[in-house]
Structures are given as structure tokens and as C-alpha cells.
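Here the sequence shown is numbered in the working numbering, starting from 869 and rising by one per residue. Cβ atoms here follow ideal geometry from the backbone N, Cα and C, with glycine treated the same way. Encoded as C-alpha cells, the structure appears first; notes follow it.
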Amino acid sequence: MIIRQRGTLLPWLLLLLISAARSQSDTECHKSINDATYDFTALSGDQTVSRTRLSPPTNMTDTLRFNVCNALSLLEDVSSDDQCPNGTWACLSTTNIKQGVSDRVVAVIPIAHEPELQAEYTMLSSPRGVKITLHGLSYPSPTTSEPTPQAFVLNLLCATEQSQPQFSSYDGTQATVEWSAPSGCNFRSPTEGDSETPKEAVGSGIGWFFLLLFIAFAGYFSLGAYYNYTTYGATGVDLIPHRDFWREVPYMLRDVVSHLCSSFQSRPSASRGGYISV
Ligand SMILES: *[C@@H]1O[C@H](CO)[C@@H](O)[C@H](O)[C@H]1NC(C)=O
Ligand SMILES: *[C@@H]1O[C@H](CO)[C@@H](O)[C@H](O)[C@H]1NC(C)=O
869 MIIRQRGTLL PWLLLLLISA ARSQSDTECH KSINDATYDF TALSGDQTVS
919 RTRLSPPTNM TDTLRFNVCN ALSLLEDVSS DDQCPNGTWA CLSTTNIKQG
969 VSDRVVAVIP IAHEPELQAE YTMLSSPRGV KITLHGLSYP SPTTSEPTPQ
1019 AFVLNLLCAT EQSQPQFSSY DGTQATVEWS APSGCNFRSP TEGDSETPKE
1069 AVGSGIGWFF LLLFIAFAGY FSLGAYYNYT TYGATGVDLI PHRDFWREVP
1119 YMLRDVVSHL CSSFQSRPSA SRGGYISV
């Protein structure tokens, strides 16, 4: 039991370190519009919205998959005929549902596709937000069968809470999704003056400082524990590197605090003494 606990501690710490480092670098997704910067990192990943149209005796389900930072990953359990090709950022597929018959995919539309993407980012002012337009391949018009260029539009509105994205419309050439999220708020607006800029830089600097501090501490403790474990076969509390020092830390802090308190208290009493004597 104890042996198993010993063995699992180090891999867990290393996993924590690796995941902290990975999540910082992999999912970054920022866009600059004029002088404003938007952070879409929280929206990254494949999103799915859908709507159902009644067409008795069947139902039509439109499913729109999109990703604002990358191409969509291919679905493993769907045949290549029934999904958009590699490099698609937004894919609209329509499935026909009829009782007693297995579901049939009747349309697959690469609404936004990599070589044609021509991403456009437009600032919205009232309500505040950003409009993301991504272009795609041509698809036959449902009425005239003419090849019609496709586009994906995401109206991302500034909000304090992140909502679920909503499938708003598709008119045969443009699919529109509405979404409210903090990512729709720019965090360096030119209209709000330059005073905002240094504050942001300082804020992210402090964030980086604490992240590095955390990584340094995690590395120190895991390497120290590994050393104690391999060198002395230490277990439990004995794994903590420089254990005697860390045990002293609370007492040292208490000494520092009481020293500070006494020096603060002594100052006003001294001045009061001088005041009385005058
Ligand atoms: C899809 O495209 C990406 C980049 O163009 C490529 O790295 C990847 O291997 C492709 N995947 C498939 C399944 O073709
Ligand atoms: C179509 O959707 C409606 C409402 O959601 C539901 O009542 C009906 O049973 C569905 N029909 C089929 C064929 O799935």
C-alpha cells in the first residue's frame, strides 16, 4: 500500500507540470483589430450548434460544426462522404430523420474552408462585440443549382458570462451563429485611452511571474522528493526537500510579523511621549 503511494507521487507531479506548460502554449488564439486585441482562446475547440426543421412526414436537422481558431478535426465514426473535407473550419450538414428508417445525411456544406478562408474580423459597437467572417467553398443553390459561394458569420457579443452558441440562420449562402462571451470584449481598446495599455502589460507580467514561480516551486518539490526517494528511500512527509527548513518557515513568518507589529506600535507611542514633554 505504502509502496504504491510512493510510486505514484512523482508521475503525478510531472503530469501537473507538463499540463500546466502545455495549456499555456497550445490553445493560444488572439486576434488584433485596429489597435484592439481579442482573445478567443476560451472559444477554441470544435463547437456544435443545431436546429430542427419540420417537414412532415420527416424532420430535417441542420448541424453546424465550427472552430474559430483552427480547422475542425475529422469525425471518426462518420464516413468521408457524410462530412466536410480536411481543412474545413465550419461545416453545415443536414440529416433527414424519418420514423422507422435510419437517419440519412442529405447535404454536407463546407461553409468555411482553409485555402478560401479570407478571415475578416470587424468590431461591433452597439451591442459591443466582434463579427468573424470565414469564407468557404461553393455549393449548389437549393433553388437554381448554381454554384454559390458560402460563408460563416459568428456574431460574438461582449458579455461577462459565456453562453451557448445559437444557430441563427442559413440562407443558402451564409450561416450565422450568435454567441455571447467575455472573448467578445477587447481588452485593449484605442477609444478608452492609452492609460489602459500599461495596466494590461503589468497584469499579464504578474501572471507570468506567478506561473514561473509556481513551476519553479513544483520543480523544486518534485525533484527534491525524487532525490529523497531515490537516495534515502524516503516516504510520506520525509519526501519534502529541506524538511527542517520548511518546518521552521511558519515560526520565522510569525517572528517577522511580530517584529513588524512591535515596530509599528512603538512609533506612535514614542511620538506621543515627545508630544507630552513639549
Ligand atoms: C489534414 O490536414 C492537415 C494540415 O493540412 C494535415 O496535417 C493532416 O494530416 C490532414 N489529415 C488528414 C486525415 O488528411
Ligand atoms: C419531428 O420533431 C417533432 C418536434 O420536435 C416531433 O414531435 C416529431 O416526432 C419529430 N418527427 C420525426 C419523424 O422524428
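Query raised in the report: Between L1022 and A1049, which are expected to be in contact by the criterion C-beta below 8 Å, what is the C-beta distance as a whole number of angstroms?
Result: Going by Cβ atoms, the distance from L1022 to A1049 rounds to 10 Å, so no, they are not a contact pair.
**Report entry** Cβ separation of W957 and E988, assumed to be a contact under 8 Å, to the nearest whole Å
**Finding:** Incorrect: roughly 13 Å between the Cβ atoms, too far for contact.
**Report entry** Reduced DSSP category for G1125 - H, G, I as helix; E, B as strand; rest coil
**Finding:** It should be pointed out that residue 1125 corresponds to Val in this sequence rather than to Gly. Here V1125 sits in helix by DSSP.
Query raised in the report: Does DSSP put S993 in a helix, a strand or coil?
Result: coil
Query - CA-to-CA distance, Q1034 to H1127, given in whole angstroms - result: In a straight line, the C-alpha of H1127 is about 60 Å away from that of Q1034.
Report task. Pull up the distance between the alpha-carbon of S1130 and that of R1122, whole angstroms please. Result -> 12 Å
Query raised in the report: Exposed or buried, what is A1043 when buried is set at 16 or more other beta-carbons lying within 10 Å of its beta-carbon?
Result: buried
Query - Local conformation of S1090 per DSSP, three classes - result: helix
Query raised in the report: Roughly how many angstroms separate the alpha carbons of P1008 and T962, rounded to a whole number?
Result: The C-alpha of T962 is placed about 14 Å away from the C-alpha of P1008.
Report task. Please state if the CB of N964 and the CB of N935 are separated by a distance shorter than 9 Å. Result -> No.
Query raised in the report: When we look at the beta-carbon of H898 and count the other beta-carbons within 10 Å, is it buried (16 or more) or exposed?
Result: In this structure H898 is exposed. Its beta-carbon is surrounded by fewer than 16 other beta-carbon atoms within 10 angstroms.
**Report entry** Residue list, Cβ distance to ligand 2 heavy atoms smaller than 7 Å
**Finding:** Near ligand 2, meaning a Cβ closer than 7 Å to any of its heavy atoms, lie the following residues in chain order: T920, L922, P925, T926, N927, I965, K966 and Q967.
Query raised in the report: For D1106, which residues of its own chain have a beta-carbon under 7 Å away from its beta-carbon, when the five flanking residues on both sides are left out?
Result: Closer than 7 Å at the Cβ level, and outside the excluded window around D1106, lie N1096.
Query raised in the report: Can you list, in chain order, the residues of its chain whose CB lies under 6 Å from that of R921, leaving out five sequence neighbours each side?
Result: M928
Requested in this report: Output the residue ranges of the beta strand (DSSP E) runs that lie fully inside the stretch 908–996 and measure 3 residues or longer, sorted by chain position.
Outcome: Counting only runs of 3 or more residues that sit fully inside the stretch 908–996, the beta strand (DSSP E) segments are 915–923, 926–934, 956–966, 969–981 and 988–992, in chain order.
Query raised in the report: Just how far apart, CA to CA, sit L911 and S1051?
Result: 7 Å
Requested in this report: For S1006, verify whether its CB is less than 8 Å away from any heavy atom of ligand 4.
Outcome: Inclusion of ligand 4 in the displayed structure is not the case, the ligand content consisting of ligand 1 and ligand 2 alone.
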